[in-house]
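Enquirer: Our numbering applies: residue 10 is where the sequence shown begins, and numbers increase by one.
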Amino acid sequence: MIQEVFNRRGILYNIRFFLQVQNNIHIFVFVHGTRISVHIKPFQMKLGKYSFGTGDRFNHQGEAQLRAIMKAAAQGIDITPVWNKSNREHNIVHSEPEGTRTEADTAVKALGWDKPYFVDADHINLSNVDRFVEHADFFTIDVASFIGKKASTGEVEAFMESCAALGNEVAIDGISDPVVINKKVLEKAAGSYLAAVKEAGRIYRHIESIKGTGKFITEISMDEVDTPQTPIDMFFILKMIADEKIPVQTIAPKFTGRFNKGVDYEGDVSKFAIEFEQDVLVINHAVKAFSLPAGLKLSVHSGSDKFSIYPVIADIIKKYKVGIHVKTAGTTWLEEVIGLAISGVEGLVVAKDIYRKAFERKEELCAPYADVISINDSNLPSPGDVAGWTGEKFAGTLRHIPGHKDYNPDFRQLIHVGYKVASEMGLVYIKLLEKYAQVIGGCVEENIYDRHLKRLFNL
Ligand SMILES: [Zn+2]
């Protein structure tokens with residue numbers, strides 16, 4: 010790449026260019042007036058400032074999802090699309106990561122998208138990452154299950170030693186109370202998070218050994234747990250990540266409150282606002298103090314439908330000019346069911362069938378999502394009642410329009426976990442997706458653009 014900058018008289022005075030040599034090494038040459046400087050840097054794939062992760066259980070909505078991102082681009086907001094699918098989802102629908110890659114590449118080609126995009130191996134660990142390595146270039150390293158495990162004595166000692174340089178307290182710009190550093194605080198942080206970050210390091214290095222340095226985006230997630238991580242926890246987690254030399258670009262903590270799948274935030278919005286702002290401030294501090302990658306940002310998991318906190322997120326990222334990654338939670342699948350319900354009798358019959366089966370198998374379907382689902386059984390309509398509904402009534406009950414007379418978040422959450430039922434319908438379901446692609450695609454695009462991107466980016 011060569012970039013030339015001319016002064017007002019049109020005389021070339023500043024040239025920057027870089028060359029890629031060998032694997033990952035780039036040489037940057039700056040000519041500024043008469044000065045020439047040369048920098049040698051390893052190449053690192055970078056995620057854009059704003060990025061949006063969309064999942065797609067059945068790999069049919071890639072183009073509709075990308076159309077929503079392109080609509081935002083046409084309004085001047087550049088958002089990097091990321092297609093994510095977790096190991097859990099692949100296991101439930103019996104799909105392979107290659108399908109997500111094909112879907113993303115096909116959508117990008119069909120719509121002529123010429124900006125970056127990524128395929129996210131979502132919530133992976135050492136035992137399942139290998140099936141993703143070839144097809145993904147974004148890895149969400151999930152170490153939630155290692156929180157609270159014991160690190161070795163040597164590891165704890167090394168961490169305590171590396172913190173000695175921090176002194177007795179660390180002041181963070183914008184936060185009134187400093188982070189207090191003492192033996193007790195460090196032992197507590199190590200007891201909670203050191204084993205988890207060490208595991209993240211092992212997983213990161215495993216991926217790096219196959220894909221090469223800088224050839225993928227790294228996210229670390231700890232969100233699927235009961236206890237939130239505070240901004241102080243975030244400070245120590247980032248210190249450990251820096252010590253472990255993981256070039257993390259996004260981090261997904263467990264925030265205060267409940268982030269149930271597919272429905273609005275449940276919790277104290279003002280408390281969330283304080284925590285989110287302090288997390289941003291801690292990250293900004295850690296990027297400089299611990300030499301973490303510039304542009305490191307928060308990732309909000311189960312981030313779709315959290316309409317009551319979107320204004321808070323929008324304000325804070327604007328205030329500090331920072332980026333955000335929002336990972337949605339299977340809402341594309343819900344739009345498929347909505348689309349089927351309004352597409353005519355054939356689709357409505359299948360939509361009702363999905364609800365009836367999900368209702369009968371509620372416990373089994375909810376089990377893998379215990380931390381991120383909360384259904385009040387008494388609000389669930391009986392399948393017998395639903396059998397008499399019109400398509401509009403079904404869609405209105407399922408579609409997330411706050412204040413809509415029919416909207417039922419319990420009904421929505423149950424269908425959310427019910428995709429296993431659709432996957433068991435096999436080709437019957439897939440053929441309907443294809444037959445009613447236009448109606449369904451319209452629902453998917455509207456959901457992402459009108460209900461999400463517009464709210465998040467003030468479009
Ligand atoms: Zn998550």
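We put the beta carbon where it would ideally sit given N, CA and C, even for glycine.
Kindly confirm or deny that the stretch 98 to 109 and the stretch 56 to 72 touch, where touching means at least three C-beta pairs closer than 8 Å.
Expert: Yes, since at least three Cβ pairs between the stretch 98 to 109 and the stretch 56 to 72 fall closer than 8 Å, the two stretches touch.
Enquirer: Is any heavy atom in ligand 1 found nearer than 6 Å to the beta carbon of D380?
Expert: Because no heavy atom of ligand 1 lies under 6 Å away, the Cβ of D380 does not count as near it: no.
Enquirer: If you draw a straight line from the C-alpha of F52 to the C-alpha of K306, how long is it?
Expert: So the alpha carbons of these two residues sit roughly 20 Å apart.
Enquirer: Let me make sure I understand the geometry here. Which of N134, D151, N456 has the alpha-carbon closest to that of E345?
Expert: The candidate whose alpha carbon is nearest that of E345 is N456.
Enquirer: Can you tell which of P418, V128, K197 has the C-alpha that lies nearest to the C-alpha of F147?
Expert: Closest option to F147, Cα to Cα, is V128.
Enquirer: By the DSSP assignment, the alpha helix (DSSP H) with L195 in it spans what residues?
Expert: Per DSSP, L195 belongs to the alpha helix (DSSP H) from 192 to 198.
Enquirer: If I follow the unbroken alpha helix (DSSP H) through T406, where does it start and stop?
Expert: That run of the alpha helix (DSSP H) goes 400 to 407.
Enquirer: Between which two residues does the beta strand (DSSP E) carrying R211 extend?
Expert: Element bounds for R211: not the beta strand (DSSP E) but the alpha helix (DSSP H), 204 to 220.
Enquirer: Skipping 5 residues on each side, what residues in its chain have a beta carbon closer than 6 Å to that of V47?
Expert: Answer for V47: V38, listed in chain order.
Enquirer: Between H310 and ligand 1, is the CB less than 6 Å from at least one heavy atom?
Expert: Checking the Cβ of H310 against ligand 1 gives yes.
Enquirer: For the putative contact between G8 and V448, defined by C-beta atoms under 8 Å, what is the C-beta separation to the nearest angstrom?
Expert: Examination of residue 8 is not possible in this model, given that the chain is present from 10 through 468 alone.
Enquirer: Hey, R263 and M243 are a contact pair by Cβ (cut 8 Å); roughly how many whole angstroms apart?
Expert: Checking the sequence shown, residue 263 turns out to be Lys, not Arg. Not confirmed; about 11 Å, so no contact.
Enquirer: Shortest alpha-carbon distance to Y458 belongs to which of I45, S95, K80?
Expert: Among I45, S95, K80, the Cα nearest to that of Y458 is on K80.
Enquirer: Considering just the uninterrupted stretch of the alpha helix (DSSP H) at E372, what are its terminal residues?
Expert: Here the alpha helix (DSSP H) through E372 covers 371 to 375.
Enquirer: So is the beta-carbon of D232 under 6 Å away from any non-hydrogen atom of ligand 1?
Expert: Result yes, Cβ under 6 Å from ligand 1.
Enquirer: Look at the Cβ atom of V291, then the Cβ atom of G312, and state whether they are nearer than 7 Å.
Expert: No. Outside cutoff.
Enquirer: Less than 8 Å between the CB atoms is what I'm expecting for V321 and A282, so what's the real figure, rounded?
Expert: About 5 Å separates the two Cβ atoms, so the contact holds.
Enquirer: Note down, one range per segment and in chain order, each beta strand (DSSP E) of at least 3 residues found wholly within the stretch 44 to 109.
Expert: Within the stretch 44 to 109, the complete beta strand (DSSP E) runs of at least 3 residues are 44 to 51, 59 to 64, 89 to 95.
Enquirer: Quick check: the stretch 265 to 283 against the stretch 391 to 401, are at least 3 beta-carbon pairs closer than 8 Å?
Expert: No: fewer than three Cβ pairs fall under 8 Å.
Enquirer: Exposed or buried, I333, counting other C-beta atoms within 10 Å across all chains shown (16 or more means buried)?
Expert: I333 comes out buried.
Enquirer: Compute the Euclidean distance between the alpha carbons of K444 and V453, then round it to the nearest angstrom.
Expert: So the two alpha carbons sit approximately 15 Å from each other.
Enquirer: Per the DSSP calculation, F147 is bridged to which residue(s)?
Expert: BP columns for F147 point to D129, I226.
Enquirer: Where does the unbroken alpha helix (DSSP H) through I333 begin, and where does it stop?
Expert: Element bounds for I333: not the alpha helix (DSSP H) but the beta strand (DSSP E), 333 to 336.
Enquirer: Is the CB-CB distance between Q258 and L56 below 7 Å?
Expert: Result yes, Cβ atoms of Q258 and L56 sit closer than 7 Å.
Enquirer: By Cβ distance below 8 Å, which residues in the same chain neighbour P187 in space, the five residues on each side in sequence not counted?
Expert: For P187, where only same-chain residues beyond five positions count, the Cβ hits under 8 Å are E178, V179, A180, I181.
Enquirer: Use the C-beta contact count for F15: other C-beta atoms within 10 angstroms, 16 or more gives buried, fewer gives exposed.
Expert: Low confidence applies to F15: its pLDDT is 48, below 50, so where it sits in the model is not reliable enough to give any reading.
Enquirer: Nearest by alpha-carbon distance to S154: which of A205, R421, S352 is it?
Expert: Closest by alpha carbon: A205.
Enquirer: Once DSSP output is grouped into helix, strand and coil, what is the label at Q238?
Expert: In this structure, Q238 counts as coil in the three-state DSSP scheme.
Enquirer: Once DSSP output is grouped into helix, strand and coil, what is the label at T259?
Expert: It is a strand residue.
Enquirer: Under a three-way DSSP split, which group does V426 fall into?
Expert: Looking at V426 - three-state DSSP - the assignment turns out to be coil, as it is neither helix nor strand.
Enquirer: If you drop the 5 nearest sequence neighbours on each side, which residues of the same chain put their C-beta closer than 6 Å to that of I351?
Expert: Closer than 6 Å at Cβ, skipping near neighbours: G400, A404.
Enquirer: What does the alpha-carbon distance come out to for the pair G183 and I326?
Expert: Looking at the two C-alpha atoms, the distance is approximately 14 Å.
Enquirer: DSSP state of K330, grouped into three classes?
Expert: Coil, per DSSP.
Enquirer: Starting from S201, trace the beta strand (DSSP E) in both directions and tell me its first and last residue.
Expert: From DSSP, S201 is part of no beta strand (DSSP E); its letter is neither H nor E.
Enquirer: According to DSSP, is H41 part of a helix, a strand, or is it coil?
Expert: Three-state result, H41: strand.
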